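First residue of the sequence shown? That's 6 in my numbering, and the numbers climb one at a time after it.
Yeah, the Cβ is synthetic: ideal placement off N, Cα and C, and Gly gets one too.
This one's a predicted model, so the numbers in the text were calculated from it and none came from an experiment.
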Amino acid sequence: MPDPASIFRSLGVTDDPRFVAPSSSAAGSVTSRSPATGDSLGHVKLDDAATYDRLITESHQTFLRWREVPAPIRGQVVRAIGEEFRTHRDTLGELISLEMGKVRAEGIGEVQETIDIADFAVGLSRQLHGITMPSERPEHRMYEQWLPLGLVGVISAFNFPNAVWAWNAMLAAVCGDVTIWKPSLLTPLTSIATNGIAERVAASMGHPGIFRLVLGTDDVIGERLIADKRVPLISATGSCRMGRRVGQVVASRLGRSLLELGGNNAVIVHEDANIDLALRSVLFSAVGTAGQRCTTTRRVILHESIAEQFLQRLVAAYKSIRLGDPLKEGTLVGPLINERAVESYLHAIAMAKEQGGKVLVGGERASLPGALSKGHFVLPTLVRAPSGNQLPIASEETFAPILYAFTYRELEGAIAMNNSVDQGLSSAIFSEAVRNTDRFVSPSGSGSDCGLAYVNLGTSGAEIGGAFGGEKDTGGGRESGSDSWKAYMRRQTCTVNFGGKFDLAQGIRFE
Ligand code: NAD
Numbered sequence: 006m007p008d009p010a011s012i013f014r015s016l017g018v019t020d021d022p023r024f025v026a027p028s029s030s031a032a033g034s035v036t037s038r039s040p041a042t043g044d045s046l047g048h049v050k051l052d053d054a055a056t057y058d059r060l061i062t063e064s065h066q067t068f069l070r071w072r073e074v075p076a077p078i079r080g081q082v083v084r085a086i087g088e089e090f091r092t093h094r095d096t097l098g099e100l101i102s103l104e105m106g107k108v109r110a111e112g113i114g115e116v117q118e119t120i121d122i123a124d125f126a127v128g129l130s131r132q133l134h135g136i137t138m139p140s141e142r143p144e145h146r147m148y149e150q151w152l153p154l155g156l157v158g159v160i161s162a163f164n165f166p167n168a169v170w171a172w173n174a175m176l177a178a179v180c181g182d183v184t185i186w187k188p189s190l191l192t193p194l195t196s197i198a199t200n201g202i203a204e205r206v207a208a209s210m211g212h213p214g215i216f217r218l219v220l221g222t223d224d225v226i227g228e229r230l231i232a233d234k235r236v237p238l239i240s241a242t243g244s245c246r247m248g249r250r251v252g253q254v255v256a257s258r259l260g261r262s263l264l265e266l267g268g269n270n271a272v273i274v275h276e277d278a279n280i281d282l283a284l285r286s287v288l289f290s291a292v293g294t295a296g297q298r299c300t301t302t303r304r305v306i307l308h309e310s311i312a313e314q315f316l317q318r319l320v321a322a323y324k325s326i327r328l329g330d331p332l333k334e335g336t337l338v339g340p341l342i343n344e345r346a347v348e349s350y351l352h353a354i355a356m357a358k359e360q361g362g363k364v365l366v367g368g369e370r371a372s373l374p375g376a377l378s379k380g381h382f383v384l385p386t387l388v389r390a391p392s393g394n395q396l397p398i399a400s401e402e403t404f405a406p407i408l409y410a411f412t413y414r415e416l417e418g419a420i421a422m423n424n425s426v427d428q429g430l431s432s433a434i435f436s437e438a439v440r441n442t443d444r445f446v447s448p449s450g451s452g453s454d455c456g457l458a459y460v461n462l463g464t465s466g467a468e469i470g471g472a473f474g475g476e477k478d479t480g481g482g483r484e485s486g487s488d489s490w491k492a493y494m495r496r497q498t499c500t501v502n503f504g505g506k507f508d509l510a511q512g513i514r515f516e
């Protein structure tokens, strides 16, 4: 197993005193464990309330300086950070794989996403444009400008311990903001490495302190951060439960929140679909990252004419999946993050059976030999809903590789099923007919009700160029590409009288 201390050395991140080697111990710390073996990867000393307070005060001072740096120059700092992530992509990807459990290729892919969003942000640093509009008054001018917002609090989930930070922090940096990151305590080493790289580059260019990392519990640090008026934007990624709490607390102080929460994503496979394409896409979206993506396919809705054939082939594909050490070449599926996740997987399967679902493949813990015997491995599982499609457990997001299969006769019924859950993140349809696919993404809004809609692609694997996020209980936030940057700035409408006459809008006279 690679040793995190030597990974930190090769990444040039050796100065974070919060990291304590696995062989030592430290009071007030959490232990990061490999989900594949259960072994300790090291301990992380947690920050306390006083440290948090100091960090916020310092960050505000940093913001006052950083916002004065012209945006294209801020972009140069982000460009250099992107280059550094390019240099260290594979090593950092392996650390993600080691600590979070996703397979090596996906760990590296996650860092690639960080590099991509850094590139995007660099281009953005020469844009960030406002619009002009005509004034109704002579010799007046009106325009909008976008201004730096301040401190951006980023709360991230365990499953994307590097890229979710980047989606926020790279945009926030070109927008002139300072990022305060509170990561998941299940993946603290990746966050120390990620933030350490960015902060080292920025400091070497004369801008220390624009990326800050605060490691602490939800009670001591999380709750303080969301309630803190000095942090105008909280961007929080995680479960709907967490989002409800964060949304309420931030709203009660009239702050802004950007919520990226749970998903319960469906794929519709119509009778005229390219079945080979649909199979491969559903397989990747359902079992990739061991079902621990917010965009994982959790429901497959099959036209009744192709359902038997499709499920038979999917079962065969499930049986061929190579489960094992995420760092080993050829492994397709790694472990779940911890024992609690295994328990919720087993609970969901028990519920599905009780509700009349039939387990077609999987359905139990996987026992692997040797060092992996203490890992949190489960078999990717396919459950067929009973006739009548009543399977209440399928309305919940279980963060594990369980796919529920439903059947339908009319496309309208399939779209209604797609839209029937509380979450609204990602959705997909497979069909070769534009009449069906465009019905799914109808401009009236009567098709998929999700933030992401795919045609002949699976539900996971978004590109950074689009705005990412979902509706309903997914929280409504948008991150990453398109005009998501506007969330990290404040809009100012400017009206300039260059004539010298006293003129009121709406023709009001005040003589
Ligand atoms: P989680 O909700 O348990 O934790 C997410 C983060 O919220 C962690 O950093 C946690 O410490 C923090 N948190 C929890 N309570 C808090 C509080 N009261 N105040 C401040 N911070 C608090 O989620 P998880 O298990 O780490 O991740 C899995 C969930 O994340 C799934 O539901 C998944 O769908 C979702 N997710 C969504 C997206 C998206 O973009 N929509 C992306 C990744 C993950």
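Residue closest to residue i, alpha-carbon to alpha-carbon, out of the options
| i | options | result |
| --- | --- | --- |
| glycine 456 | Thr192, Gly474, Phe445 and Val439 | Gly474 |
| valine 320 | Pro331, Glu276 and Val388 | Val388 |
| glycine 135 | Trp490, Asp508, Ala510 and Asp281 | Trp490 |
| alanine 174 | Ala162, Ser15 and Ala203 | Ala203 |
| aspartate 44 | Gln66, Asp8, Glu149 and Lys363 | Asp8 |
| arginine 345 | Tyr323, Thr403, Phe289 and Val364 | Thr403 |
| threonine 36 | Val74, Leu129 and Pro193 | Pro193 |
| threonine 96 | Arg14, Ser161, Gln132 and Arg23 | Arg14 |
| serine 290 | Val159, Glu309 and Gly268 | Gly268 |
| arginine 217 | Val347, Arg298 and Ile185 | Ile185 |
| glutamate 89 | Ser64, Leu288 and Ala123 | Ala123 |
| phenylalanine 411 | Gly481, His308, Asn441 and Ser436 | His308 |
Helix, strand or coil at residue i according to DSSP, with G and I counted as helix
| i | result |
| --- | --- |
| arginine 229 | helix |
| glycine 387 | According to the sequence as given, residue 387 is leucine; it is not glycine. The answer is strand: DSSP assigns leucine 387 an E or B state. |
| methionine 494 | strand |
| glycine 98 | helix |
| methionine 356 | helix |
| lysine 379 | helix |
| lysine 363 | strand |
| phenylalanine 5 | With the chain running from 6 to 516 in the structure shown, residue 5 is simply not present. |
| serine 399 | The question names serine, but residue 399 is alanine in the sequence shown. Three-state result, alanine 399: helix. |
| histidine 65 | helix |
| cysteine 499 | strand |
| isoleucine 326 | coil |
| phenylalanine 515 | coil |
| glycine 47 | strand |
| serine 240 | strand |
| leucine 218 | strand |
| threonine 42 | coil |
| threonine 302 | strand |
Any non-hydrogen atom of the ligand HEM within 7 angstroms of residue i CB
| i | result |
| --- | --- |
| arginine 285 | Absence of the ligand HEM is noted for the structure shown, with the ligand NAD being the only ligands found. |
Exposure label - residue i; buried when at least 16 CB within 10 Å
| i | result |
| --- | --- |
| leucine 100 | buried |
| lysine 518 | Residue 518 lies beyond the stretch modelled for the chain, which goes from 6 to 516, so this question has no answer here. |
| lysine 234 | exposed |
| serine 102 | buried |
| histidine 93 | buried |
| glutamine 428 | buried |
| phenylalanine 503 | exposed |
| aspartate 501 | Note on residue identity: the sequence assigns valine, not aspartate, to residue 501. Under this definition valine 501 is an exposed residue. |
| proline 385 | buried |
| leucine 509 | exposed |
| methionine 520 | As displayed, the chain neither begins before 6 nor continues past 516, which places residue 520 out of reach and without an answer. |
Contact check, residue i vs residue j, beta carbons under 8 angstroms
| i | j | result |
| --- | --- | --- |
| leucine 337 | isoleucine 354 | no |
| asparagine 167 | threonine 119 | yes |
| valine 383 | tyrosine 413 | no |
| leucine 60 | glycine 33 | no |
| isoleucine 306 | asparagine 423 | yes |
| aspartate 330 | alanine 54 | no |
| leucine 156 | proline 213 | no |
| tyrosine 409 | arginine 258 | no |
| tryptophan 151 | arginine 496 | yes |
| aspartate 488 | alanine 472 | yes |
| leucine 191 | isoleucine 342 | yes |
| glycine 339 | lysine 107 | yes |
| arginine 298 | serine 161 | no |
| serine 130 | alanine 85 | no |
| phenylalanine 165 | glutamate 115 | yes |
| proline 448 | valine 292 | no |
| histidine 275 | phenylalanine 435 | yes |
| leucine 133 | cysteine 180 | yes |
| leucine 462 | serine 286 | yes |
Every unbroken beta strand (DSSP E) within the stretch 157-214, with a cutoff of 3 residues, ordered by chain: 183-187
Complete runs of the beta strand (DSSP E) confined to the stretch 416-489 [at least 3 residues]: 431-435 and 457-460
In chain order, each beta strand (DSSP E) run of at least 3 residues that lies wholly inside the stretch 107-164: 145-153 and 156-160
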